[in-house]
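Protein chains in written order, with this note's numbering: chain A, 1 to 346; chain B, 347 to 692; chain C, 693 to 1038; chain D, 1039 to 1384.
4 protein chains.
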Amino acid sequence: MLKVGVLGGTGYAGIETVRLLSKHSGVEITRIVSQSFAGQKISDVYQNLRGICDLTCCALDVEDIAENCDLVFTALPHGASKEVIPSLYEKGLKIIDLSGDFRYNDEKVYEKWYGAPHSSPELLKESVYGLCELHRDEIKTHRLIGNPGCYTTCSILALAPLVANRLIDNKSIIIDAKSGVTGAGRGLALPSMFCECTESMKAYKVATHRHTSEIEQELSCLAGEEIMLSFTPHLAPMKRGILATSYASLQAEKSTEELVEIYKKFYQKEKFVRVYEAGTLPEVKHITGSNYVGIGLVVDPRLRRVVVVSCIDNLVKGAAGQAVQNMNLICGFPEDTGLTDAGFYL
Amino acid sequence: MLKVGVLGGTGYAGIETVRLLSKHSGVEITRIVSQSFAGQKISDVYQNLRGICDLTCCALDVEDIAENCDLVFTALPHGASKEVIPSLYEKGLKIIDLSGDFRYNDEKVYEKWYGAPHSSPELLKESVYGLCELHRDEIKTHRLIGNPGCYTTCSILALAPLVANRLIDNKSIIIDAKSGVTGAGRGLALPSMFCECTESMKAYKVATHRHTSEIEQELSCLAGEEIMLSFTPHLAPMKRGILATSYASLQAEKSTEELVEIYKKFYQKEKFVRVYEAGTLPEVKHITGSNYVGIGLVVDPRLRRVVVVSCIDNLVKGAAGQAVQNMNLICGFPEDTGLTDAGFYL
Amino acid sequence: MLKVGVLGGTGYAGIETVRLLSKHSGVEITRIVSQSFAGQKISDVYQNLRGICDLTCCALDVEDIAENCDLVFTALPHGASKEVIPSLYEKGLKIIDLSGDFRYNDEKVYEKWYGAPHSSPELLKESVYGLCELHRDEIKTHRLIGNPGCYTTCSILALAPLVANRLIDNKSIIIDAKSGVTGAGRGLALPSMFCECTESMKAYKVATHRHTSEIEQELSCLAGEEIMLSFTPHLAPMKRGILATSYASLQAEKSTEELVEIYKKFYQKEKFVRVYEAGTLPEVKHITGSNYVGIGLVVDPRLRRVVVVSCIDNLVKGAAGQAVQNMNLICGFPEDTGLTDAGFYL
Amino acid sequence: MLKVGVLGGTGYAGIETVRLLSKHSGVEITRIVSQSFAGQKISDVYQNLRGICDLTCCALDVEDIAENCDLVFTALPHGASKEVIPSLYEKGLKIIDLSGDFRYNDEKVYEKWYGAPHSSPELLKESVYGLCELHRDEIKTHRLIGNPGCYTTCSILALAPLVANRLIDNKSIIIDAKSGVTGAGRGLALPSMFCECTESMKAYKVATHRHTSEIEQELSCLAGEEIMLSFTPHLAPMKRGILATSYASLQAEKSTEELVEIYKKFYQKEKFVRVYEAGTLPEVKHITGSNYVGIGLVVDPRLRRVVVVSCIDNLVKGAAGQAVQNMNLICGFPEDTGLTDAGFYL
């Protein structure tokens, strides 16, 4: 059994990691680190885990972690993870970091979007961007994974086949994304209160959201040229789920059916990517609770523009599920271990 | 007191019209027509109206309507209204039609998007498009008003200042709109069931929604050239409200602040349009339950693109409220009579 | 115009008071006091009020309030109000207090349920319990009103006809109440976060909720003997609204129809109380957004027990609406001024 | 591998059965019967199942079922199941019926509450009530199981320890239950529409809900005397979950702690029953998506009354999960096979 720890285990991404790991046949959770709930049983903080995972949360102790874990998931606040990760890495642990700290090829991009220099630029070079469908082989040979952001996973997978096949004007990309409220985390904040969210929607961080830079990095790689694009996040009154609607101008006339075929071919070996037939589109409820990605598209022949609709569960494929998928890759488990559940739908 | 009738008064747009009229100081509701609930008191169908409007619904009888109403709101299913409206018009009534039948300048556009020839092309010429902020003077002199669609009101008002001032590339317009479920009406349908909607989102009628044609018509008028654009409607898990996020490429560099000033000037006399200061954006809860429109914007200088966020209550400014505003205009009431309530927020 | 102030105007009860007052023809809001938002326009804190109420919030200044207000609503946290109210009362202001501080006939009851002695027992004697339907005449002659709690209004009105008419075993009363989340206020708290509330329900403060004591006080008065009862509050995933289901054993056999008649007679002069016909029951959506109370009942002849279902909007009849109704009573406005709106339903 | 069929597989209880079976290591789903969707792939009707269960739904054919299934779950509308079950039983199949048809010991009780004579009284005698925690041994030796109703499972388990230990006045029992909307099924109905449910609550079928009779039957068995009780169902704006609040008068003084101990002892061998410590109570989100039952309680010493709060997921422990648990029992699988998932919480 692989011994794993979850650092930041009582936040929403952390607890979803615990929930998924509790179904994984090859791992044992040995440590859950939580500053706020140290000394309490995780199943007292999240009572859905009673009898399933009753570990007591502990404060952070690098030595203790190193002794008792082969691999850690770090779901710490941005900034906190960069303090801890170098010491854990030095001790030989495998690390899957759910923060934004190790998602970049270029520390300057990090600095630009995070507003501060990267604290471990040398470690950044050791890390790989953990979008499994695009970087599977690289991931397998690394032990520090920058687990992608939720919006970015949903957006990159939606556009990758178009960019990689040079089908669109790369200057025309617009991504309009809608997220559930778990995306804002468990920290107390007025905008996350029930009465402020329910029966409402809003756009936020228009033209400035950090995930923009991740999407641009990955699509630029695929394109072989620098891509800049519009990304607008929105908050929707639901717990889980992201729906991204992406727009781009086609370089040449293509039908919906032709593009669907191209997508199917691009993702033919990908268990977790579901390409929808022409005439159908994914909805959030198709994937909630699961690691699946739904992608559908429509060509608007009047405008020679393609509209791609993609959905993921922000906590699963957008965070904890992809983290487990990365663990499976770097530890030699079958890639879908612990991740085969259907979405809830209801 | 103006005697008014509401035809189709038990659908969601109809009942919201009744609710608003019940607060209007200058009108008396004399008839509520409902095929499904004829013979029942409206306050038994919608018990929020008990003691406020206890009229008994009646089946449609054109003679009876003509005798007892000066003005009618027709909130009938598409198609049904076109049967009734010619006879009522002939009898001299003022008519505010909430269907799509009288929203077009050109019957061919109607035919193209509705898939059937218009049944009263001569009457279409007598009608005017009831977007009060753009056609106020014309509205005042007509007695058949095609009350605009919900998505269209939200979208047109968001883009009008840009188009009218020739600030954008008219080929670059993309509107990504999110609506509450009342937009789907009260008719029984699986996708409108609670368990199919809540905690989910979806895009629908991508590149084919009829409201596209209304938006194009109005923006083309303002531009003096034909505009075609992308419009994508989405269903969000809330009752009321539309949030539209519109994208366009700027012809020249402009700052957010400059554009906000242009918007403020464009709408300076408009009571129901709230232009948001740079750095703030409207949210659905700001306008739910009210006739107000919130508009804010952000310029993305990296891409020289503007992102406009606009919100309305689909049942009020997007249907019943604008219908009452139109009534006020054509009947000589102060334009905001019965429409001054703040949104609910909570 | 009556000059009124709202102290604690940015909490949920406070802002609902502002919203309702903005529709009241006889008052002018001259002061909104908010410690947290002093210096900001109320319409920047709650943007639904833009153009409707743009007053700047101010810090508390008793002299200033006394000079500029004839009447104040105090929607301050429990405890805070008791500091302020004596000084305002001394200066001759009319005061409607939305806290629990002035709801008791007996300071010992306050002390027992609030865990501390009452700070102004002499002022408590000057105050009257502001449940308009039961204490109308007394209210009119007082100028310090203890505005009732939300659960209590819904529960007392549901049971008053039974108790006053000696129809039930007073030892058998059980009230099971379900509230929307605005009842928890705007203060940041984990249990009020969207992701912790939505798609869930819970009971809380079982057998210990303070509103129990208010209900017991009022029903005991009506009964002429001491009543103790079970009261269980629950949190439901909605913003507004309370539904209370009350149970009691009948002293003698009565049919549903007979009891409905007794209720109708009891409330025959009450504009805001809607007694439902046998076979129908109130639902939260019938009253949301309005000052109305819906009451229906079913007799279970198998058990000779009556089940009463009652609904109010906790922010309106349960707080701000009743406060305005009290203002109308003590200031000589028609009792329903500013309160005649239908509920939203949608 | 056990070959199983799901009859009525596209309703909400049916599809949840399919979802749970898809995780069960010992079964193969060979048939999904759906009148409405015959000929369509189940994963086109519920797209969360794509790649997980892609069986084509078929119309009902008893011969075909008998040949291809060892066991069937019948999640058919009340009435429909009683047509089919006798023929399937005759052919030797194991049957777990999710309708109300085989839940009664006494056909007269069925007749009284369902308003029609039972169509297979002789088969009723062959069946056993499938509440696993109470009838485990009997279940193992039968092959026709009347799977309990959702409200009943939640209510009976909440009260069983009190009744079995003769701790309460059996005449004093009141159960106030709140259910999510999946409980109303997938059939099109106005009250199940999103805009009619969200932000509202209602009581329904007060004193007449059929589940009352199941609860009374089971508690009477435990008591050894006939029990009649009040049961009030409510609809809450959530998809899944039931929270039942039960009230009863204690025969003697007991503390909360003492009763908790009694509950723990009563359920000490029950994996799926979680008794909460004094001072804590279950919430719907603790059990949503899982087969667990949460039970907590509070004694109100003022009234010598106990309040028990219990929660289940109506689709899992209240329907499909318990059905799978029953299958495990009668087929010799470990009782928790396929049922060990933690609830979603988020």
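Glycine residues also receive a C-beta, built at the ideal position from the N, C-alpha and C atoms. Small disclaimer: the values here were computed from a predicted structure and weren't measured.
Chain-ordered neighbours of B:T528 on chain D, where CB pairs are closer than 7 Å:
Taking the first residue of the second sequence as position 1, residue 528 of chain B is located at position 182. Within chain D, the residues placing a beta-carbon under 7 Å from that of B:T528 are C1233, ordered along the chain.
Please list the segments of the alpha helix (DSSP H) lying wholly inside the region 1130-1213 of chain D, counting only runs of 4 or more residues, in order along the chain.
Scanning the region 1130-1213 of chain D from its first residue to its last, the whole alpha helix (DSSP H) runs of 4-plus residues come out as 1145-1152, 1159-1164, 1170-1178 and 1188-1202.
Against A:S230, what residues of chain B qualify as contacts under a CB-to-CB distance less than 8 Å, listed in chain order?
Looking up residue 230 of chain A in the first sequence gives position 230. In chain order: Y593, D646, L649, R651 and V653.
What residue range does the alpha helix (DSSP H) around B:N365 cover?
The sequence position of residue 365 of chain B within the second sequence is 19, counting from 1. As written in the sequence, residue 365 of chain B is Arg, which differs from the Asn given in the question. Y358 to L367 is the extent of the alpha helix (DSSP H) around B:R365.
One or two residues paired with B:R620 in a DSSP bridge:
Here residue 620 of chain B refers to the residue found at position 274 when the second sequence is read from its first residue. Partner(s): B:G640.
Going by C-alpha distance, which of C:G916, C:Y821 and C:N797 is nearest C:H810?
Looking up residue 810 of chain C in the third sequence gives position 118. Selected option, being the one with the closest Cα: C:N797.
Using the three-state DSSP reduction, which class does C:F958 fall into: helix, strand or coil?
Here the question's residue 958 of chain C lines up with position 266 in the third sequence. Helix at C:F958.
Contact check, B:T420 vs B:V430 under 8 Å by CB: the rounded distance?
Here the question's residue 420 of chain B lines up with position 74 in the second sequence. Here the question's residue 430 of chain B lines up with position 84 in the second sequence. B:T420 to B:V430, Cβ: 7 Å. Contact.
According to the neighbour-count rule (16 or more other Cβ atoms, all chains shown, within 10 Å of its Cβ), is C:R932 buried or exposed?
Looking up residue 932 of chain C in the third sequence gives position 240. Counting Cβ neighbours within 10 Å, C:R932 comes out buried, since at least 16 surround it.
If we ignore side chains and look at the alpha-carbon of each, how far apart do A:V306 and B:Y358 end up?
Walking along the first sequence from the start, residue 306 of chain A turns up at place 306. Walking along the second sequence from the start, residue 358 of chain B turns up at place 12. If I take the Cα positions, the gap works out to 34 Å.
Could you tell me which chain C residues have their CB closer than 7 Å to the CB of B:G372, listed as they occur along the chain?
As a position in the second sequence, residue 372 of chain B is number 26, starting the count at 1. What B:G372 touches in chain C: nothing, since even the nearest Cβ is about 16 Å away.
Give the interface partners of D:H1324 over in chain A, defined as CB-CB distance under 8 Å, in chain order.
Taking the first residue of the fourth sequence as 1, we reach residue 1324 of chain D at position 286. Q47, N48 and R50, listed in chain order.
Could you run through the region 196-220 of chain A and flag, in chain order, every residue whose CB is less than 9 Å away from some CB of chain D?
Among the residues of the region 196-220 of chain A, those with a Cβ less than 9 Å away from any Cβ of chain D are T198 and E199, in the order of the chain.
Given this structure, state the Cα-to-Cα distance separating A:P233 from C:G841, to the nearest angstrom.
Mapped onto the first sequence, residue 233 of chain A falls at position 233. Mapped onto the third sequence, residue 841 of chain C falls at position 149. One C-alpha to the other measures close to 40 Å.
Against chain B, with Cβ distances strictly below 8 Å, would A:D341 count as a contact?
Taking the first sequence and counting its residues from 1, one reaches residue 341 of chain A at position 341. Answer no: the Cβ-Cβ gap between A:D341 and chain B never drops below 8 Å.
Are any of the Cβ atoms in chain C nearer than 8 Å to that of A:S192?
Here residue 192 of chain A refers to the residue found at position 192 of the first sequence. Yes, A:S192 lies at the interface with chain C (some Cβ there is under 8 Å from its Cβ).
Within-8 Å CB hit, A:K239 to chain E:
You won't find chain E in this structure, because its protein chains are A, B, C and D.
Please classify B:G664 as buried or exposed, where buried requires at least 16 neighbouring CB atoms within 10 angstroms.
Start at 1 with the first residue of the second sequence, and residue 664 of chain B comes out as number 318. So B:G664 counts as buried.
C-beta contact flag for C:L780 and C:I757 at 8 Å:
Here residue 780 of chain C refers to the residue found at position 88 when the third sequence is read from its first residue. Here residue 757 of chain C refers to the residue found at position 65 when the third sequence is read from its first residue. By the CB criterion at 8 Å, C:L780 and C:I757 fall inside the cutoff.
Using beta-carbon positions only, say whether C:T890 and C:P929 come within less than 8 Å of one another.
Numbered from its first residue, the third sequence carries residue 890 of chain C at position 198. Numbered from its first residue, the third sequence carries residue 929 of chain C at position 237. Result yes, Cβ atoms of C:T890 and C:P929 sit closer than 8 Å.
A:D176 CB to nearest chain B CB: under 8 Å?
Your numbering for residue 176 of chain A matches position 176 in the first sequence. Yes, contact with chain B.
Confirm, please, whether the CB-CB distance from A:C53 to A:S22 is below 8 Å.
Taking the first sequence and counting its residues from 1, one reaches residue 22 of chain A at position 22. Taking the first sequence and counting its residues from 1, one reaches residue 53 of chain A at position 53. Yes. Within cutoff.
Quick check on this structure: which residue in D:V1083, D:T1191 and D:N1106 has the alpha carbon closest to the alpha carbon of D:V1042?
Here the question's residue 1042 of chain D lines up with position 4 in the fourth sequence. D:V1042 has its Cα closest to that of D:N1106, out of D:V1083, D:T1191 and D:N1106.
Residue from D:R1069, D:Q1255 and D:Q1306 with nearest C-alpha to D:K1150
Position 112 of the fourth sequence, counted from the first residue, corresponds to residue 1150 of chain D. Selection D:R1069, D:Q1255 and D:Q1306 evaluated against D:K1150 yields D:Q1255 as nearest (Cα-Cα).
Buried or exposed: B:A462, going by 16 or more other Cβ atoms within 10 Å of its Cβ?
Start at 1 with the first residue of the second sequence, and residue 462 of chain B comes out as number 116. Label assigned to B:A462: exposed.
Which two residues bound the contiguous beta strand (DSSP E) that contains C:Y939?
Counted from its first residue, the third sequence places residue 939 of chain C at position 247. Note, C:Y939: beta strand (DSSP E), I934 to S941.
Chain-ordered residues of the region 52-64 of chain A with a beta carbon less than 8 Å from chain D:
Under the 8 Å Cβ criterion, the region 52-64 of chain A contributes I52 and C53.
Does the beta carbon of C:L880 come closer than 8 Å to any beta carbon on chain A?
Locating residue 880 of chain C in the third sequence gives position 188, where the first residue counts as 1. The C-beta of C:L880 comes closer than 8 Å to at least one C-beta of chain A.
Using a C-beta to C-beta distance shorter than 8 Å, which residues of chain B count as neighbours of C:K957?
Sequence index remark: in the third sequence, residue 957 of chain C carries index 265 (1-based). Chain B residues near C:K957: none, gap ~17 Å exceeds 8 Å.
What did DSSP end up calling C:T904 once you bin it into helix, strand or coil?
Counting from one through the third sequence, the residue named residue 904 of chain C turns up at place 212. In this structure, C:T904 counts as helix in the three-state DSSP scheme.
Which bits of chain D does A:Y12 rub up against, with CB to CB less than 8 Å?
Within the first sequence, the letter at position 12 stands for residue 12 of chain A. Correct list: L1384.
List the residues of chain C whose Cβ lies closer than 9 Å to the Cβ of D:L1172, in chain order.
To locate residue 1172 of chain D, count along the fourth sequence from 1; it is residue 134. Within chain C, no C-beta atom comes nearer than 9 Å to that of D:L1172; the closest sits roughly 24 Å away.
Could one say the Cβ of B:L627 lies closer than 8 Å to chain A's Cβ atoms, at least one of them?
Reading the second sequence from its first residue, position 281 is the one you call residue 627 of chain B. B:L627 counts as touching chain A.
Out of curiosity, what's the CA-to-CA distance linking C:L849 and D:E1160?
Residue mapping note: residue 849 of chain C aligns to position 157 of the third sequence, counting from 1. Residue mapping note: residue 1160 of chain D aligns to position 122 of the fourth sequence, counting from 1. Rounded to whole angstroms, C:L849 to D:E1160 spans 51 Å at the Cα level.
Residues of chain C with a CB under 8 Å from the CB of D:A1274: which are they?
Taking the fourth sequence and counting its residues from 1, one reaches residue 1274 of chain D at position 236. Under the 8 Å cutoff, chain C gives K870, M893, A928 and P929.
For B:H424, count neighbouring C-beta atoms within 10 Å of its own C-beta (all shown protein chains included) and say buried if the count is 16 or more, exposed if not.
As a position in the second sequence, residue 424 of chain B is number 78, starting the count at 1. By the Cβ neighbour-count rule, B:H424 is exposed, with fewer than 16 other Cβ atoms within 10 Å of its own.
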